[in-house]
Each structure stands twice: as C-alpha cells, then as structure tokens.
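Take numbering that gives the first Met the number 0: the last position of the sequence shown gets the number 678, and nothing is skipped along the way. All residues carry an ideal CB built from backbone N, CA and C; glycine is no exception. Have a look at the structure below, then the notes.
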Amino acid sequence: MLDYKDNYILKLLISSHQRLNVNDLSRLIGISQRSVYYSLSRINDYLTSMKLPEIINERQTGLKVDEKIKEQLNSEFAKQIQNYYLCTQKERNAIESLVILFSNDVIKVSLFEEIFDVSRNTIIGDIKEVKALLSTYNLGLEFDQNKGYVIDGTPLRKRSVALMLISSYEYLLKINTYGLFDISQSKHIKSYFEEAESILNIKYVDNAIEYLSIMLAMIYKNKIDEISFDEEDTELITHSSEYDTICKVFTEDWMANEHKYIALQLLGMRIQDNAKIANYDDQSISQIVHFMIREFSRMTLIYFDDEQDLFDHLYLHMKQAMFRFKYGIIFQNELKDEIFESYPQIATISRQICNTLEQKLGYPIGDDDVAYIAMHFGGYMKREKRDFPMIKVLLVCLNGIATSKLLKKELEYLLGQIEIIDVVRKADIDDYKNQVDYIISTIPLDDESIADKTVQVHSVLTEGDKDKIVNKLGVYNPNQAEVSLSNKIIDDIEDYIPKEKRETIRRKILKRLSERRPSPNQYGRMKKPMLKETITKSRIIFLNQVTNWEDSIYKSGEPLLKEKYIEPKYLDKVVENVKKLGPYIVIADKIAISHARPEDGVNDLGMSMLLLEKPVIFHGKNDREVNVVVTLAAPDNEKHLLALQQLSRLFMESLDELLAAKTKEDVLKLVEKHSKEEE
C-alpha cells in the first residue's frame with residue numbers, strides 16, 4: 000500500500016514533462032535520497048501488483064516511466080503537477096527572479112499570485128526576499144509603473160545569477176517551465192553542444208550542458224542584453240579552439256551574438272587545464288580559504304591536525320574557481336549527487352559558508368563548487384577519523400507532503416546541523432524509532448517507548464513550539480570560551496573514557512556550559528557585561544615605569560593570564576601585531592588598548608588595566624607616549640561591546656581623574672561611575 004509520500008512521488012514522475020532523477024525527487028520532496036529509493040521500491044511493488052512495468056532508474060537519463068503506467072494511471076492523477084506542487088519560499092524566489100530577469104512581459108505582483116496560487120501579501124513578502132537575494136550579487140530590483148519589476152545591473156551579473164538559479168532549481172523547471180523557455184528549443188540547442196563535443200573530442204558533463212542549453216533557450220525566447228568582455232578575456236576566448244568550434248556549429252543568426260559567451264562557458268568547464276585563467280591575486284585567495292576553514296571550524300567545533308594540506312587543496316580549487324564565479328560558469332562535478340548524499344551535513348555547512356562568501360565576493364557560487372568544497376572537508380575529516388555526530392530526527396506529519404516539506408525547512412533553519420532522516424506517517428514510526436534521536440510530530444503519539452524523545456508541534460511552528468524543540472533537543476551555539484574549557488576538561492579525563500565516547504561527552508559538557516550563560520534580554524540579545532564586571536580590583540596594576548612597550552603589554556595582561564582568561568600566546572600575538580602593523584593599539588593620547596583576535600588565545604571576557612607614572616613610548620611614524628594600557632580579552636564580536644563603550648566614556652570624560660588616581664579604589668570608583676545598564 001502506498002502512503003501519501005509514495006503517491007506524491009508517483010504523481011511527480013507521471014506528470015513531469017521531463018525525466019526526473021533520484022536527486023530531483025530528493026530536493027522536490029525534502030527527504031534523503033535513501034528515503035526516495037525506499038519509496039521507489041514500494042512504488043514498484045505496487046506497479047507489479049497492478050501488472051504494470053516497474054520504474055527503471057537509468058543513471059544517465061533519470062527515472063524511466065513506461066507509457067503503460069501513464070496511460071493507466073493518468074486518469075487517477077488528472078490534476079497537472081504544476082497545480083499540485085507547492086513551492087517553498089526559496090523556490091518561489093528563484094522562479095520569481097528568473098521571470099523578472101527574462102520575461103518580456105510587464106511583471107507585477109498579480110502575475111506571481113496567479114503562477115503560485117498564493118495571496119498578495121505572500122508575494123509582497125517574496126519580493127522583499129528577492130530584492131535581498133539579488134543585492135547579494137550587486138543587482139537591484141526596482142518597480143516601474145509601466146515596465147513593472149525590473150532588475151538593474153550588468154548583463155554579466157544577470158547571467159551569472161540566472162545560471163546559478165537554473166543549476167540549483169532545474170528540478171523545478173523539469174515539472175514546469177513557467178513560460179521561460181521552450182523545451183524543444185533547449186533540446187535543439189543541446190544537439191549543437193553534442194556536435195561541438197564531437198569536433199573538440201571532449202565529453203562535457205550532461206548536467207552542465209543541460210543548464211547552459213536552458214539558459215540559451217531563455218535568452219532566445221526573451222532576448223536579454225549581451226555581455227561585453229574586457230580585452231584580456233576577449234583575447235583568451237577568441238584564441239581558443241572552443242571559440243572556433245562554436246562559430247562553426249552555432250550558425251543560427253541569433254547565436255552569432257552569443258558565440259563568445261558560449262565559448263567562454265565551454266572554456267571554463269576545463270578551467271583546471273588552463274593556467275592563463277587562474278591568474279587571481281594570491282593574497283586574496285589565501286584570505287578566502289583561511290576564512291572558509293575558520294568558518295567550518297567555528298560551526299562544527301572541528302579543527303584539523305593537517306590544516307596546511309587542506310588549505311593547499313582548497314587554495315588551488317578557489318584560485319581556479321574565481322574566473323568561473325565571475326562569469327557564472329558551471330563547474331563540472333560528476334560526484335555532486337554522491338557527495339551531497341555521503342556528506343549531507345557537511346554539504347549544508349559548506350553551502351552556508353559559501354552563502355557568506357557570496358556576499359563578500361558579489362558572485363554566485365553554484366552547487367557543483369559547494370559539493371567540491373564539501374568533498375574536501377569531508378575527505379579530510381574521514382582521513383583524520385574526525386567524528387561529526389549529528390542529531391537524527393524523524394518528522395511525523397499527516398497533513399500532506401507540501402506541509403511537511405515546509406515544516407522540514409523551518410526545522411532545519413531553526414536547528415541548524417541536524418539530519419531529518421525522513422517524513423513519515425504514524426503507522427511507519429516503528430520502522431524508524433530505533434534509528435533516530437528525536438521524533439517531531441504534528442499529531443499526538445501514544446507510544447510510551449518513544450515518549451521521552453518525542454516533541455509534538457503545530458504544522459506551522461509557534462514560538463512556543465520553537466522553544467519546546469530547542470529545550471528538548473538541547474540545541475546550542477558554544478562560544479570560544481566554552482569550547483576551550485570543554486577541550487581542557489576532556490584533556491584532563493581522557494585516560495578514563497573510551498576514545499569513541501569523547502566527542503559525545505564533550506558535546507554534553509558544552510551543552511551544560513551553555514545552560515549557564517546569561518539569558519537573552521527583552522530584545523532577544525545576550526546580556527552584555529558592564530565595565531565594572533570586567534575590570535575588578537585584582538585586575539588593576541600600578542607601576543612607576545616599564546622597560547619598553549613590549550613589557551607594558553605583558554605587564555598589563557598578567558592578571559588575565561593568572562585568572563586563565565587568556566593564554567600566553569595572546570600577549571605574544573599582540574606584540575607580534577604591533578611589530579608588524581605599528582602601534583595600532585594606541586587609540587588616543589596616553590591610552591593603549593592591547594588586543595588581538597578571539598582565536599589567538601581568549602578563554603573568556605575580561606579586562607585588566609596598567610597605570611604608569613612614567614609613560615612608555617610606542618615607536619611608529621610618530622612616537623606615542625602611553626600611561627594607561629588596558630588588555631582586552633574578547634571571546635567573540637559582541638560580548639565586550641557594552642564594557643568597551645563604557646570604558647571609552649571613562650576615557651573621554653574622566654581621563655585626568657584616572658591619571659591622577661593613586662589607589663585601586665580610586666580607579667574602581669571611576670569604573671563604577673561609568674558602568675550603566677543602558678547601552
């Protein structure tokens with residue numbers, strides 16, 4: 000017997016005007032590929048019982064549905080899939096962006112109301128999201144009374160974003176073209192690429208050619224602006240064998256204007272073989288790769304022993320990738336689906352890192368590159384035998400696949416790094432209950448054996464539901480101090496616990512530490528300590544003089560070092576930075592705030608203050624005399640802000656009194672005076 004999910008998959012396969020594959024179904028429904036295979040097995044059992052041919056999974060072309068199946072079952076599934084499938088907001092945003100980019104019609108809210116069969120307010124909310132999405136890539140969205148919604152930006156960026164959206168949401172275009180292109184035209188264009196492959200004696204990945212064919216079919220139907228290339232790139236393109244071949248093969252009149260663009264795409268697909276393309280600044284690439292590794296460690300709490308080797312491999316990939324990002328070239332990654340299936344959580348984290356990176360670069364990063372990055376992280380974790388324990392969650396929802404898919408997306412956004420292994424009906428829970436950590440259900444479950452790991456919620460999560468889920472699952476985001484302390488505890492007890500249990504125990508320690516944090520204030524932000532909570536009596540030092548500026552940094556930091564708020568390397572880093580960058584820590588006449596980055600050795604938030612009777616000189620372009628050296632230890636980018644603001648007020652309003660202070664009590668009175676609750 001088929002459940003609602005199996006029925007839904009069967010409807011998708013029968014109604015789609017192009018072949019779907021397992022990955023398409025996984026993305027359409029929001030379940031794992033493994034779960035899709037289970038459903039296909041049940042569907043084939045059902046078809047066999049109906050004396051119908053089975054659905055065949057052909058690796059290169061997708062899932063083949065015999066015409067006999069369509070003929071016999073189409074009467075049952077008469078409703079067309081475009082009227083049946085409910086898009087998530089992100090899916091709507093992708094289609095809305097493509098429609099605005101390519102359609103020659105006047106685009107207004109009413110058009111999207113009709114396409115998606117949703118309310119006007121829903122579309123108005125969508126437009127805000129589309130505007131935010133496009134702004135990431137330096138494109139603007141404007142409304143003109145006569146033209147409707149229009150996208151402002153260079154043709155290059157428009158095409159880069161369009162190709163990224165096509166590659167990311169092709170599964171939607173397989174079930175509904177939304178009037179953006181004609182399927183026959185995209186197939187016709189693909190035949191030209193096949194001829195070019197034969198001439199060049201190169202076989203490109205089918206997906207990349209498919210995406211490009213759809214893109215060109217959209218350009219043909221809607222005539223968007225051409226791209227202009229700079230002189231260096233024009234020379235590179237026109238002197239390539241790809242360009243000569245394209246000029247011979249793509250002979251239709253409208254294609255002449257696209258020869259350089261098409262050749263560029265093919266050239267970019269073999270970018271790894273062309274050293275001329277990988278000519279981007281080494282320093283900027285290094286910064287990007289360091290950012291990626293740092294973000295991965297921050298999000299996963301996993302630090303690599305052989306980080307330099309990982310850096311070298313990611314560096315090579317990103318150096319080649321920058322040209323692709325610039326021109327929106329699809330990278331050929333034949334293992335993309337396997338990577339996403341093998342490393343689902345790492346792929347999700349890699350996508351999040353790339354989302355942030357997109358904002359820094361202003362260029363879209365496609366799933367093929369995301370998969371490659373995930374492959375590197377996953378491969379190094381496997382090589383170093385790093386564990387990545389994830390919370391496994393089963394979702395029970397009987398209100399239809401569309402509702403469950405939306406709920407699944409909301410849970411993933413709320414909880415972050417979890418694995419929702421499947422969406423099932425109540426009758427199927429027994430098949431999964433011993434494989435998952437928690438069960439989230441939209442209906443009451445009366446099974447006592449799973450009561451302790453079950454959370455019941457509404458189909459549309461309320462704030463109460465969200466609190467209930469977070470409290471039950473113990474989801475948290477540890478700061479650097481908590482990570483450092485948990486690592487120290489594990490180091491102390493590692494001889495007494497099995498190796499395979501250490502990561503689980505460490506995460507339990509992190510959970511307990513996070514429960515001790517101050518609770519958020521009424522605005523939902525973490526309460527920030529005041530100045531009087533960070534500068535205490537034991538952290539104030541009076542000295543007549545010091546030997547040199549280096550000595551002042553070490554003397555100022557001694558109290559925090561003794562109390563384990565910082566590691567010795569933190570002060571070493573400050574000294575190193577001043578030698579390299581100059582006296583950047585001297586913020587005003589007579590005042591220096593000694594500081595480095597959280598990852599340079601900060602365990603918790605604290606400040607200490609050194610007051611000198613005779614000033615120390617910080618040498619630079621202009622020598623600076625300093626009498627007050629404050630060492631600031633900030634574990635993150637926010638926790639210290641209130642205390643720092645109050646310290647700045649103290650310096651501005653009471654510096655003379657501070658310099659005249661003779662005792663620690665004198666200093667503490669000034670600290671108390673400038674410590675106020677309001678920010």
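Item	Value
Enclosing beta strand (DSSP E) for D151 [first to last residue]	147 to 151
Secondary structure of D65, DSSP reduced to three states	coil
Burial state of F322, where buried means 16 or more other Cβ atoms lie within 10 Å	buried
Terminal residues of the alpha helix (DSSP H) in which G327 lies	It is not in any alpha helix (DSSP H) - G327 carries neither H nor E in the DSSP assignment.
Continuous beta strand (DSSP E) stretch holding M606: start and end	605 to 617
Residues bridged to T453 [DSSP beta-bridge criterion]	I438
6 Å Cβ shell around E340 - same chain, five flanking residues per side excluded	Q32
Residue closest to I55, alpha-carbon to alpha-carbon, out of L12, G327, D143	L12
Other residues of its chain near E194: CB distance less than 8 Å, five sequence neighbours each side excluded	V248
Limits of the alpha helix (DSSP H) - the one that A262 falls within	258 to 268
Spatial distance of A728 from Q59 (CA atoms)	Nothing about residue 728 can be reported from this structure: the residues present for the chain run from 0 to 678 only.
Buried or exposed (CB count within 10 angstroms, at least 16 for buried), F217	Checking the sequence shown, residue 217 turns out to be Met, not Phe. Classification for M217: buried.
Whole-angstrom C-beta distance between S551 and L646, which should lie under 8 Å	Not quite, the Cβ-Cβ distance comes to about 17 Å (not below 8 Å), so this is no contact.
Alpha carbon of N145 to alpha carbon of S283, nearest angstrom	43 Å
Nonlocal neighbours in the same chain, by C-beta distance under 6 Å from A591, ignoring five residues either side	I584, V585, V625, V628
Three-state secondary structure assigned by DSSP to E418	strand
Neighbourhood of H289 by C-beta, 8 Å cutoff - its chain only, sequence neighbours within 5 removed	F310
E196 and K202 closer than 7 Å at C-beta	yes
Segment contact, 8 Å Cβ cut-off, at least three pairs: the region 530 to 540 with the region 661 to 668	yes
Residues of its chain near D181, where Cβ-Cβ distance is below 7 Å and the 5 sequence neighbours each way are ignored	A216, K220
Between the CA atoms of D104 and D5 - distance to the nearest angstrom	38 Å
Rounded C-alpha distance that separates R623 from P614	9 Å
Neighbourhood of F295 by C-beta distance below 7 Å, restricted to the same chain and skipping five residues each side	I348, I352, F376
Start-to-end residues for the beta strand (DSSP E) that takes in L682	No statement about residue 682 is possible, as the shown extent of the chain runs from 0 to 678 and does not include it.
Rounded C-alpha distance that separates D603 from N547	27 Å
Stretch pair the region 125 to 137 + the region 86 to 95: three plus CB contacts closer than 8 Å	yes
Cβ neighbour criterion (16 or more within 10 Å) applied to R158	buried
Separation of I438 from I448, as counted between CA atoms	The identity of residue 448 in the sequence shown is Ser, whereas the question assumes Ile. When rounded, the distance between both Cα atoms is 12 Å.
Where R18 falls: helix, strand or coil (DSSP)	coil
Within 7 Å, strictly: CB atoms of L27 and Y170	yes
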